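Q:
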Amino acid sequence: MRRARRRLDVVRSCTGRVATVAGIAAAACGLFTGDFTSASLLATAAASGTGLMTLRTWKPDGHQRATATVLYLAPGASLATLLLAEQIVPGIHWSEALALTAWSAGTWVMRPARVARRMLCPPVPAEVVPVSVAEEVDGHPAARWWSARVAVEGGAAPDTLLEDIERTGERSMRAVIRSVIPGEPVPDVSVKRLSALMDIPEEDIKVGPVPGRGAAVRRLTIGKPDDTDLPTIWAQRIAPVAMQGSVLTDIRVGRPGTAGTTATVTVGQETDV
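Quick look at the structure:
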């Protein structure tokens, strides 16, 4: 729907530009000959009347629509006045050329008919999507699924993006839900709709804040992590007993020698600010 309205607005804009150029050409011809004056007046009246009929179908009523009507008729009425004046004043007069220049510049720059239409039918706001969204959505199947099924208009979490996706078990995962509109919070995520889409019990889906981050991001947790999820094991079993307040921030697994697999663990200590 938004895309169709934006396309219609572009078509109307182009039509207005074409009508302005046609009016400039008609008035310029009127400086030298009156052979096309009648046809130009009829075309101006037809274009203004047709546009006015579509304009007045929009609401609201009252002073706003009256003001929009006057603005919409201003280019056509002033052009008709100019065409008639060119036929009344004999020959080419400097005042006619000045009036034609003023009408052309004023109509092209100010576009009163377009202003009138937008008074009654405001344009559809453009979707604000960061450049990196396309790359991130294409980078993970879950992110692409989220963009196509959940983040759409009317979905469980419109205007959002799924990132930092991490599998925590055979039937569990966690990720970060981020708003794609800068400065806007993540909307209320419908757990019930997510449950229906994913065929997962509602009690296994949790949406909460991300520690240290604002409302533009939320933590999504699905299912229960397996015992092999080291950050969860650290937070639930090790940190409360051995190193209170610590957080497991990095895990690196490698084979520094020939004596099997080893792991390097980096621990960041939480501090109060």
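Okay, so the sequence shown: first residue is 134 according to my numbering, each after it adds one. Glycine is no exception: its CB is placed at the ideal position from the N, C-alpha and C atoms. Note that this is a predicted model, so its numbers are computed, not measured.
(1) Tell me which residue opens and which closes the beta strand (DSSP E) that A340 is part of.
(2) Our contact map puts V309 next to V340 with C-beta atoms below 8 Å; I'd like the distance itself, whole angstroms only.
(3) T183 lies in the alpha helix (DSSP H); which residues open and close that run?
(4) On the CB-based measure, 16 or more other CB atoms within 10 Å of its CB, does W227 come out buried or exposed?
(5) Looking only at its chain, what residues have a beta carbon closer than 6 Å to the beta carbon of A348, apart from the 5 residues adjacent to it on each side?
(6) Rounded C-beta distance between A213 and L174? I'm assuming under 8 Å.
(7) Measuring alpha carbon to alpha carbon, tell me which of A284, R352, D292 ends up nearest L330.
(8) I need the boundaries of the beta strand (DSSP E) containing T301, first residue and last residue.
(9) Please classify I221: does DSSP put it in a helix, a strand, or coil?
(10) Do you know offhand how far W278's Cα is from G302's?
(11) Return helix, strand or coil for S323, following the three-state DSSP convention.
(12) According to DSSP, M306 sits in a beta bridge with which residue or residues?
(13) Could you say which of T200, H273, G156, P274 lies nearest to A179 if we only look at CA atoms?
(14) Have a look at A207 and T293 and give me their C-alpha separation to the nearest angstrom.
(15) Using a 10 Å radius around the Cβ and a threshold of 16 neighbouring Cβ atoms, would you call S171 buried or exposed?
(16) Grab the span of the alpha helix (DSSP H) containing T234 for me, first residue to last.
(17) Is the CB-CB distance between S211 and W241 below 8 Å?
(18) So, helix, strand or coil for R311, using DSSP?
(19) Can you say whether R250 is buried or exposed, counting buried as having 16 or more other CB atoms within 10 angstroms of its CB?
(20) If you reduce the DSSP assignment to three classes, tell me which class V285 lands in.
A: Taking the definition as stated:
(1) Here residue 340 corresponds to residue number 207 of the sequence shown, with the count starting at 1. For clarity, residue 340 is Val in the given sequence; the question names Ala instead. Where V340 is concerned, the enclosing beta strand (DSSP E) stretches over 338–342.
(2) By 1-based counting over the sequence shown, the position of residue 309 is 176. By 1-based counting over the sequence shown, the position of residue 340 is 207. Contact doesn't hold; Cβ gap of about 11 Å is too wide.
(3) Here residue 183 corresponds to residue number 50 of the sequence shown, with the count starting at 1. First-last of the alpha helix (DSSP H) with T183: 170–188.
(4) By one-based count along the sequence shown, residue 227 stands at place 94. Classification of W227: exposed, given that the 10 Å Cβ count is below 16.
(5) Numbered from 1 along the sequence shown, position 215 holds the residue referred to as residue 348. Correct list, in chain order: P318.
(6) As a working mapping, residue 213 is identified with position 80 in the sequence shown. As a working mapping, residue 174 is identified with position 41 in the sequence shown. Confirmed, about 6 Å.
(7) Numbered from 1 along the sequence shown, position 197 holds the residue referred to as residue 330. Considering only alpha carbons, the answer is A284.
(8) On the sequence shown, residue 301 is found 168 positions in, with the first residue counted as 1. Where T301 is concerned, the enclosing beta strand (DSSP E) stretches over 293–302.
(9) Against the sequence shown, residue 221 aligns to sequence position 88. Note: I221 maps to helix in three-state DSSP.
(10) As a working note, residue 278 is residue 145 in the sequence shown. As a working note, residue 302 is residue 169 in the sequence shown. Those two C-alpha atoms are separated by around 19 Å.
(11) Counting from 1 along the sequence shown, the entry for residue 323 is found at position 190. Note: S323 maps to coil in three-state DSSP.
(12) Start at 1 with the first residue of the sequence shown, and residue 306 comes out as number 173. Bridge partners of M306: R300, I355.
(13) Here residue 179 refers to the residue found at position 46 when the sequence shown is read from its first residue. Ranking T200, H273, G156, P274 by Cα distance to A179 puts G156 first.
(14) Along the sequence shown, read from residue 1 onward, the residue named residue 207 stands at position 74. Along the sequence shown, read from residue 1 onward, the residue named residue 293 stands at position 160. Distance between the alpha carbons of A207 and T293: 44 Å.
(15) Translated into the one-based positions of the sequence shown, residue 171 becomes position 38. Within 10 angstroms of the beta-carbon of S171 lie fewer than 16 other beta-carbons, which makes it exposed.
(16) Numbered from its first residue, the sequence shown carries residue 234 at position 101. Run containing T234: 227–243, per the alpha helix (DSSP H) assignment.
(17) Here residue 211 is taken as the residue at index 78 of the sequence shown, counted from 1. Here residue 241 is taken as the residue at index 108 of the sequence shown, counted from 1. No, they are not a contact pair.
(18) The residue you call residue 311 lines up with position 178 of the sequence shown. The three-state secondary structure of R311, taken from DSSP, is strand.
(19) For the purposes of this step, residue 250 is taken as the residue at position 117 of the sequence shown. With 16 or more other Cβ atoms within 10 Å, it is buried.
(20) Taking the sequence shown and counting its residues from 1, the one referred to as residue 285 is at position 152. It is coil, neither helix nor strand.
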